[in-house]
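If you want our numbering, it's the 1-based position in the sequence shown plus 10.
Glycine included, every Cβ here is placed at the ideal spot set by N, Cα and C.
Nothing here was measured: the structure is a model prediction, and the numbers come from that model.
Encoded as structure tokens, the structure appears first; notes follow it.
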Amino acid sequence: MGWLNPGWLMCASFLGFVASVQSIKRDDFFPHGPGAKDQLLEPGTDQTHRVALSKPVLFYDGTFDSIYVNTNGFVATAEPTSESTYLGKMPPKFGMVAALQGDLDTSDGVGKVFFRQDSSPEVLRRAAEHINRAFPEDDEVNPNHAVVITWIDVAAHEPEAGGGGINKKRNTFQLVIASWETASYAIVLYPRDGIQFSSTPVEGSNMVTHAGFSKGLVQRFLFSRQGPYYRTTTDEEPSVKTLAEETNSGLRGVWVYEIGTSPYFTNVESGEVPDLPAETSQPQDTDARRLVHTNGQVEYTTFEVDAGQIEVQPVQYQPNNPEVVVVDDTDINVDVFSYNFGTCATNRNKCSQFADCRDYTAGYCCHCRPGFYGNGIQCVAEGKPQRMNGKVYGKVLVGNSPSPVEFTSNDLHSYVVVNDGRSYIAISDIPYQLGPSLQPLSALGGVIGWAFALEQPGFKNGFSIIGGEFTRQAEVTFLPGNEKLTIRQEFKGIDEHDHLAVSTTMEGQVPEVSPGSTVQIDPYSEIYQYSNNLITSSSTREYIVNSPDDSKETRTYQWRQTITFQSCQHSEALRDMKPTQMLSVDQVFVMYDANNELIRFAMTNKIGDINGGQPEQNPCFTGRHGCDTNAVCRPGQGNQFTCQCAAGFNGDGRLCYDIDECAENPQICGPHAICNNQPGTFRCECEDGYQFGSDGQTCVVVDRAVDPCEDGTHSCDIDERAQCSYTGGSSYICSCLPGYIGDGRNCQDIDECQPGRCHQSAICYNTQGSFTCQCRPGYRGDGFQCSSERTKTQCVTHRESLLGVTGSGPRGPRPPVGQYVPTCDANGAYEPMQCHGSTGHCWCVDRNGQEIPGTHSGPGSRPMCIDHSGVSPPVGPRPRPDVDSLPQGTHLLFAQSGRIEHVPLDGYDMKKDDAKTVLHLPEKVIIGVAYDCVEKMVYWTEISSPSISKASLQGGEPTAVIKSDLDSPEGIAIDHLGRTMFWTDSMKDSIEVASLDGSQRRIIINSDLVNPRAIITDPPNGNLYWADWNRDAPKIETSHMDGSNRRVLVKDDLGLPNGLTYDSHSSLLCWADAGTHRMECMNPGRGDRSKVMEGIQYPFGITSFGKNIYYTDWRRDAVVAVDRYSGKESDEFQPQKRTKLYGITTAFAECPSGQNYCAVNNGGCTHLCLATPTGRSCKCPNNAAEVGCVERDGGY
């Protein structure tokens, strides 16, 4: 790239308008994440992955066939050295492209680093736009290969800190390396709010993060020395924060650099379109130079600043007092670079189908053909009516109201009869609080009237000059209250329905017009001033408010607007464009329809001479010609004229009818194309399996490359140990999953049990691809945090001293007959009322267990004992059903008919004496139970009156969650990360999902099911497992949580697989089979099925915790504990009520570790977020239409 030339310096006078006033957002990133088929860098700190490139990258004077992606915010051309050698140092000793290099960490599961190679046309087009915008004076660049690396929500590595989670400060940025045969470019994107920290801890002190480029060490004959480098930040933190606020490419937050060329290279070249301070409105001697550090030398790229004004022609005649405005607003965004770089050979398809492309010395231009008008990019038929559709957004305050009225995608429709300049506009869903007060703003649709105004001789309407892609910003100031309203409209050109598309945003305040009032707007004129890529106008307007009481009030507002657009310097319309034109508007009609909440505007628009002159009498210029609405009026001598049907129509001009081009010429679109007729035109669409070629017209076969990762023909290790990442064509990359090491084709388990992995009072057990921590005897916790058992209370010590000297029965230790044993509450304190188990006598005790005199009662009578806290119990019956709150720790919850009971766990042993009923539900048949560890909530299914309900285990009453459209709900499972529940219905033969409040219901599986019952989730990995006990063909299946990737895991040697459980620590799926009387486990990925135990009787539900599996047995009416490693029963608990036991689950003291894509902000989904192993799916509920949810491929 060359130095700035004088042509560029001339453009600098407009540079205050160049850059967007706001930085880019994440939405402006190149596509990334699982939906873009990205690879995911292994979580951690200082992780590196080598990417073998399908096409080389040029960096400085070298060519590289592979690069190394690193957690720490950079890409290297050689394998990076230890991070201690480069953190806090710039330049490093190896080749580096630093997007934002620091000591970064993604091990918390929130931060992620995505990367891929991409040669798709859309990505290459976007890369070319950034490059060509940054280097406007150079030849057009069209890259043929890109590497996209995205750092999302990465945190600073804090070795000594714990926790923080999603509340840490996080940085987000993206690097795109775009290449072609002779050059490579780096495009770095820093979104608004994407840089939350600018330094990271390094060796006990904070070091500023760095951005820039370094070739690394250069080898000389006898020694090596530091090679060239280029820094885009300094050692000061403010230089990092400005990355999202400034630019060298004309778009804030986007930085473009030429980083390598062949065959010759001098140094990294920065983009040439900086962002001047928006506050500068007057010419100043401003030192507008960007500091650049190169090998220790300080250089400045210099440009001149000249805030010039637009010259306005003398005004001789100004009807209705239109104002001439001098532009001094530096907040206007004007893209002064036109679209015409390159030649027609490579850009012909950018022209309208009704335009011709012509090459010029400095580029190419598109010109509409005879019978059409526009800027060549957008062309429409002369005389044809035009339609505009769009949406309205924003917030508007009415009068002194403190609460704004919000526009949320309100419909806007407009229709223009071009041959008489009459335009009609309607906006829907305008509430009565706002509707009357919007009536004065007829100019909301005035720009459509200007765009297609009736042209007077020698003058052009807006569309004839600039086409249909432009931005209009208006400011309205109401007098005398100075209420201000801003209107911004983005016109996006002609859509596939041949309509002009527009997006409108309104923000501000309008004076109140009382309900029932009407507004009268007299004819007015407005002067439009034209220059390169900028059009301005302003006026002062009056309007009359007619109140329901027949009173009238004349009000005033000032109107000021700017229109910015792209243009071609060789455009005939621009060459002949007059510097000023006047828009005359009359026959203005406004109305607010309160019944239908619609506001309507209509007006007639003419564009002509600012100096007036003799009014034209020819009907073509007055609009009184009688031609068909689809015809153009051709003026003749005097008042003579003819009517000619617009292109695409036939007739005599007074009456025109549409030509069906598709019927007249069935081959008009060519082979493998479908012709769709539309009024005045037609559109060609390619058949399935075909797409438009490079010319934008010919349908060619879609190159459907075989994806070895999808069809299973890859050579990577099995899915449980490795990931296959498709890179295009027939290429793919194998990489080992976290917890494994190898080349991706052969991955070996890593022994993670290194010192410090678990708590010092815990034992680490290595497992395949992972590890588990278990607290040592005498300690409790999850293994990562262990604490000693609490001191036994007086009551517990008393009780155990009596039980410890007794023998054991089938239900545990029992005292001798006649022995009194005290009862303790959940906190170990004496229950206020104590009873003798043999005699039936009861009495009250104090906090020390001493009998309170005068409270002793005989059999059959119970004393009213006062709680030790001194609070009297409520008078009257106790409300039921209710929940008795549980003490701290891990528990088993299981269902019996009419109740849910719990057994506390002491380590892995059941504390059977402390078991009790936590929920009474008389006359209910409870089948499945599940536990939400986040809100400490139990969920259950019930079939007597089919429903799904929940209750807090911290105390409270149950709440029905789903009561309708259920037949026989049985199994239920919770995704505590995504906040959803899944259940099976054995009569509907379906699996459904819903939010935990019962909303957002969706059927995810409803085929090939007979008797589905057990269901279990694996939230961190996004998997779902269920069992179907169909006696003819029992099976165990799995799918992603969205129902995709469904497959059978086990179908042989099964009988009645009733219960399922999944242990995330060991990655084992286990089941109990009442037909084969076996308990078995398998790793779902490897399929290595193994028997745990044989000879079990009639299991129903099953759950796991640590080394134990617990199941309910119908024959034994018991909860049975099995040691998974020894394959033997270790304990049994039989509740006092001897009936069938159904579902069972573990209520963990703390939620299991792990994250998924739905855990934060609902995964960015508006409705259902359903996790998958590599991402998430955004899905609509069954009632999508009612909740306004539209589902697209991959989500929303």
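Is residue i helix, strand or coil by DSSP?
i       : result
Glu945  : coil
Asp1028 : strand
Lys921  : coil
Thr55   : coil
Gln650  : coil
Asn1171 : helix
Gly838  : coil
Pro44   : helix
Gln804  : helix
Phe1115 : strand
Cys354  : helix
Arg1011 : coil
Thr528  : strand
Gly1238 : As displayed, the chain neither begins before 11 nor continues past 1206, which places residue 1238 out of reach and without an answer.
Pro1109 : strand
Pro884  : Only weak support is given to the placement of Pro884: the predicted model assigns it a pLDDT of 31, under 50, and the value that follows is read from those uncertain coordinates. In this structure, Pro884 counts as coil in the three-state DSSP scheme.
Leu813  : helix
Phe1    : Past the boundaries of the shown model lies residue 1; the chain is included only from 11 to 1206, so the question cannot be answered.
Ile537  : strand
Ala1084 : coil
Gly445  : helix
Gly822  : For Gly822, the predicted model reports a pLDDT of 42, less than 50, meaning its position is unreliable and no value from the coordinates is stated.
Cys845  : strand
Ser1136 : coil
Smallest Cα separation from residue i: which of the options?
i       : options                            : result
Ala732  : Phe39, Leu185, Thr1184             : Thr1184
Pro3    : Arg368, Phe501, Tyr567, Asp508     : The question about residue 3 has no answer, for the chain in this structure spans 11 to 1206.
Val711  : Asp698, Thr723, Glu720, Asp717     : Asp698
Gly237  : Phe69, Asp942, Leu1180, Asn152     : Phe69
Gly838  : Phe125, Trp853, Arg857, Lys360     : Arg857
Gln57   : Ala108, Thr73, Leu114              : Leu114
Arg1134 : Ser1100, Thr1027, Thr1122, Ile1015 : Ser1100
Ser208  : Arg755, Gly868, Leu253, Ser194     : Leu253
Gly1164 : Val266, Tyr736, Ser117             : Ser117
Tyr750  : Ser433, Glu730, Gly43, Tyr736      : Glu730
Arg1012 : Arg1096, Gly1032, Asn1093, His1177 : His1177
Val278  : Arg241, Arg262, Ala436, Ser249     : Arg241
Leu747  : Ser740, Gly739, Ser735, Ser741     : Ser735
Opposite residue i in the DSSP bridges: which residues?
i       : result
Leu422  : Gly400, Ile437
Ala1037 : Ile1046
Asp729  : Beta-bridge pairing links Asp729 to no other residue.
Tyr96   : DSSP lists no partner for Tyr96.
Ser194  : Ser189, Gly270
His220  : Gln111
Tyr1152 : BP columns for Tyr1152 are empty, so no partner.
Arg180  : Ala165
Residue i lies in the alpha helix (DSSP H); which residues open and close that run?
i      : result
Asp721 : 718-721
Ile640 : Note on identity: in this sequence residue 640 is Asn, with Ile being the wrong assignment. From DSSP, Asn640 is part of no alpha helix (DSSP H); its letter is neither H nor E.
Ser249 : 247-251
Phe473 : 472-476
How would you write the range of the beta strand (DSSP E) that residue i sits in, first residue to last?
i       : result
Gly1185 : 1185-1189
Ala463  : First-last for Ala463: undefined, no H or E at that position.
His901  : 901-906
Asn142  : Asn142 -> not in any beta strand (DSSP E); alpha helix (DSSP H) instead, spanning 131-144.
Ile77   : 72-80
Original post:
Any contact of the segment 378-391 with the segment 654-665, i.e. 3+ C-beta pairs under 8 Å?
Top reply: The answer is yes - the segment 654-665 touches the segment 378-391, with three or more Cβ pairs under 8 Å.
**OP:** Inspect the CB distances between the segment 999-1006 and the segment 1127-1138 and report whether three or more fall short of 8 Å.
**Re:** No, they do not touch.
Original post:
Looking at C-beta atoms only, is the number of pairs between the segment 148-165 and the segment 87-99 that lie closer than 8 Å three or more?
Top reply: Contact between the segment 148-165 and the segment 87-99 is absent, because fewer than three Cβ pairs lie under 8 Å.
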